[in-house]
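Asks:
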Amino acid sequence: MHYNLAFLALGFAQLSSRLANAQGGCSSIATRRDITSLSAQEWSRMESVLNRMQADGWFQRFADIHNREFGNIHGNDNFFPWHRRFLRDFEEVGQTYDPSFAVPYWDELRDSRSPASSRVLTSRLLGGNGFGGCVKDGLEAGWTLGFPSSHCLVRQYDRGDQMQSWYSPEFIYSVMQRYNDMHGFREHIEYSIHGSVHLSVGGDMATYWSPNDFIFFLHHANLDRLWDQWQMSGHAMTMDGTNQNGSPMSLGLPLPHYGDPVGSTMRMGVGRMCFRYAGNGGGARSRSASSQLALVAAPLRGDLASADAGLSRLPRPVLEKWFPALARQVAPPAANATAKSSPVPAPKPKPASSALPHNSTRGVIVSAKNPLLYPAPLTEMWISMHKLNRGAVARVMAEARQFVSDLNNVNYNSPY
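When you read off a place in the sequence shown, starting at 1, and then add 534, the result is the number in this note's numbering.
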């Protein structure tokens with residue numbers, strides 16, 4: 535019996551690859567970094583890859599996939615594992631052009647107070663507002679996108695030349711401490727910062743084909759980075775809730791479009807998940823509570839070690855209500871001080887309409903120099919487009935408003 539040696543060599547290589555994946559082997563690990571940390575030379579190299587991917591139709595392909603799977607991957611607990619797989623798919627394509635390619639992330643929570651002023655939205659990086667028309671500067675200026683039809687990249691900020699403020703790093707930090715199930719964690723991320731960024735940037739980012747805008751990949755890399763941090767806090771293999779059919783989620787269910795099991799996305803450095811986030815490495819697992827907020831978003835003022843200082847000084851009832859993990863790290867006050875502690879005020883009844891200015895303090899006199907701002911709610915268009923559970927969205931919105939009220943009422947001063 536005669537064998538084709540080339541065929542046997544190919545078969546052996548494929549088998550070796552599968553065995554390596556099964557054992558968690560990655561020949562290299564891509565490190566995803568904050569896009570603003572890239573040098574001019576590093577960004578130029580990345581621009582070259584992205585321009586070649588666009589010329590070869592890859593942005594069109596990824597926009598098409600996202601459009602077709604839209605209803606399967608939003609409003610249910612496929613959200614995090616599917617988008618992790620999708621980003622890795624995009625990254626693997628980029629690595630065929632340059633093996634060093636790694637999708638960067640936008641530390642968007644750091645810019646949550648004034649998103650339109652972010653360095654990411656300058657001509658050096660992603661460019662700015664298109665005011666409902668073509669983006670004129672940055673990476674994608676002059677691109678002709680192919681999906682769903684030939685057009686330029688469109689952006690339209692939701693407040694003219696500005697954007698609504700986004701959810702604060704403190705709120706997301708609180709969510710990561712208070713929710714130990716994937717379903718609760720996912721809802722509070724998807725219905726808050728996820729939707730806010732898409733809606734604020736507008737244009738292509740507010741459509742089914744949002745991957746036309748490279749901001750999509752920066753945004754979802756950051757959401758994935760936050761999920762990675764949540765996984766490190768004792769939720770490494772946590773998966774629950776329901777999938778697109780309303781069936782219970784499990785690690786063995788296939789991901790829409792890809793068919794890979796959900797469990798294949800849960801561990802970095804295993805199988806195809808050959809990437810890591812700068813700053814999220816093994817050292818993060820042993821960091822003290824005093825520096826964890828700085829992992830969620832790099833502070834604009836002060837050093838990393840002091841980012842939690844203001845939170846640690848919150849009145850005990852507020853700290854325990856919103857930051858239970860941090861409260862366990864902070865020594866409780868003496869018994870006589872505890873007895874004098876006043877409870878957190880109960881939420882006041884909300885009027886039928888919540889159409890208040892997103893940065894309103896709702897009549898509360900705040901003496902802090904940097905109080906938290908009220909984030910704008912998701913729009914009816916966005917809720918309908920994603921077929922989101924309106925009751926769940928309303929609960930997340932009310933919780934986020936109460937969070938801002940509670941911290942502003944005790945004069946919390948944000949480092950962001």
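No residue lacks a Cβ here, since even glycine has one placed at the ideal position from N, Cα and C. The structure displayed is predicted, hence computed values, not measured ones.
1. If we count the other Cβ atoms within 10 Å of its Cβ and call it buried at 16 or more, is E724 buried or exposed?
2. Between the region 649-660 and the region 613-631, do three or more beta carbon pairs fall short of 8 Å?
3. Counting only the same chain and skipping the five closest in sequence on each side, list residues whose C-beta sits under 8 Å from that of R644.
4. Taking L906 as the reference, give the member of P745, T799 and S646 with the closest Cα.
5. For F624, I'd like the list of residues in its chain whose CB is within less than 7 Å of its CB, leaving aside the five on either flank, ordered along the chain.
6. Could you tell me the boundaries of the beta strand (DSSP E) in which A910 lies?
7. How about F613 and R720: are their beta carbons less than 8 Å apart?
8. Starting from Y811, follow its DSSP beta bridges and name the residues at the other end.
9. What does the alpha-carbon distance come out to for the pair A889 and A932?
10. Going by other Cβ atoms of all chains shown within 10 Å of its Cβ, with 16 needed for buried, is M771 buried or exposed?
11. Whole angstroms is fine: what's the gap from S648's alpha carbon to Y701's?
12. Can you confirm whether the region 674-683 touches the region 742-751 when touching is taken to mean that 3 or more C-beta pairs between the two stretches lie within less than 8 Å?
13. Sort R566, R847 and M587 by Cα distance to L941 and report the nearest one.
14. Out of curiosity, what's the CA-to-CA distance linking Y811 and N943?
15. Less than 8 Å between the CB atoms is what I'm expecting for F857 and Q711, so what's the real figure, rounded?
16. Mapping DSSP to helix, strand and coil, what is R924?
17. Would A650 pass as an interface residue toward chain C - the criterion being a Cβ-Cβ separation below 8 Å?
18. Report buried or exposed for G768, applying the criterion of at least 16 other Cβ atoms within 10 angstroms of its Cβ.
19. Does DSSP put P851 in a helix, a strand or coil?
20. Between T678 and the rest of its own chain, which residues show a CB-CB distance below 7 Å, the 5 nearest in sequence each way excluded?
21. Under 8 Å: do the region 797-811 and the region 559-570 share three or more Cβ pairs, one atom per stretch?
22. Is the Cβ-Cβ distance between L621 and H722 less than 8 Å?
23. Cutting at 7 Å between CB atoms, please list the residues of its own chain near K921, excluding the five before and the five after it.
24. With DSSP run on the structure shown, which of helix, strand or coil describes S657?
25. Which residues does DSSP pair with H529 in a beta bridge?
26. Classify T772 as helix, strand or coil using the three-state DSSP reduction.
27. To the nearest angstrom, how far is it from the Cα of S730 to the Cα of S634?
28. Kindly list the residues whose CB is nearer than 8 Å to the CB of S726, restricted to its own chain and excluding five residues on each side of it in sequence; keep chain order.
29. Looking only at its chain, what residues have a beta carbon closer than 6 Å to the beta carbon of N947, apart from the 5 residues adjacent to it on each side?
30. Using alpha carbons as the reference points, say which of N756, G925, Q763 and P849 lies closest to D641.
31. What three-state label does DSSP hand P788 in the structure shown?
32. Taking the Cβ atom as the reference point for each residue, do V627 and M580 lie within a distance shorter than 8 Å?
33. Tell me the DSSP secondary structure of Y631 in three-state form.
34. Are M766 and L785 closer than 8 Å when you measure CB to CB?
35. Do L664 and G737 have their C-beta atoms within less than 8 Å of each other?
Replies: Let me lay it out:
1. buried
2. no
3. P703, A831, A832, P833, L834 and Y950
4. S646
5. Residues of the same chain with a CB within less than 7 Å of the CB of F624, apart from the 5 flanking positions on each side, are F596, V637 and F751 in chain order.
6. Per DSSP, A910 belongs to no beta strand (DSSP E) and is neither H nor E.
7. yes
8. R566
9. Legend: pLDDT at A889 = 35, less than 50; position of this residue unreliable, value from coordinates given subsequently. A889 and A932: Cα-Cα distance of roughly 13 Å.
10. So M771 ends up on the exposed side.
11. 11 Å
12. yes
13. R847
14. Their Cα atoms are separated by approximately 35 Å.
15. 6 Å
16. helix
17. In summary, chain C is missing from the structure at hand, where a single protein chain is found.
18. exposed
19. helix
20. S684 and C686
21. yes
22. no
23. G605 and G609
24. The DSSP-derived three-state label of S657 is coil.
25. Here the chain comprises residues numbered 535 to 950, so residue 529 is not present and cannot be evaluated.
26. In the structure shown, T772 falls within a coil segment according to DSSP collapsed to helix, strand and coil.
27. 31 Å
28. Y701, F705, I706, V709, P909, V930 and A934
29. Within its own chain, the residues whose Cβ lies closer than 6 Å to the Cβ of N947, once the five positions on either side in sequence are excluded, are G844, A902, K903 and N904, listed in chain order.
30. Of N756, G925, Q763 and P849, the smallest CA-CA separation from D641 is found for N756.
31. strand
32. no
33. helix
34. no
35. Note that residue 664 is Gly in the sequence shown here, rather than Leu. The Cβ atoms of G664 and G737 lie closer than 8 Å to each other.
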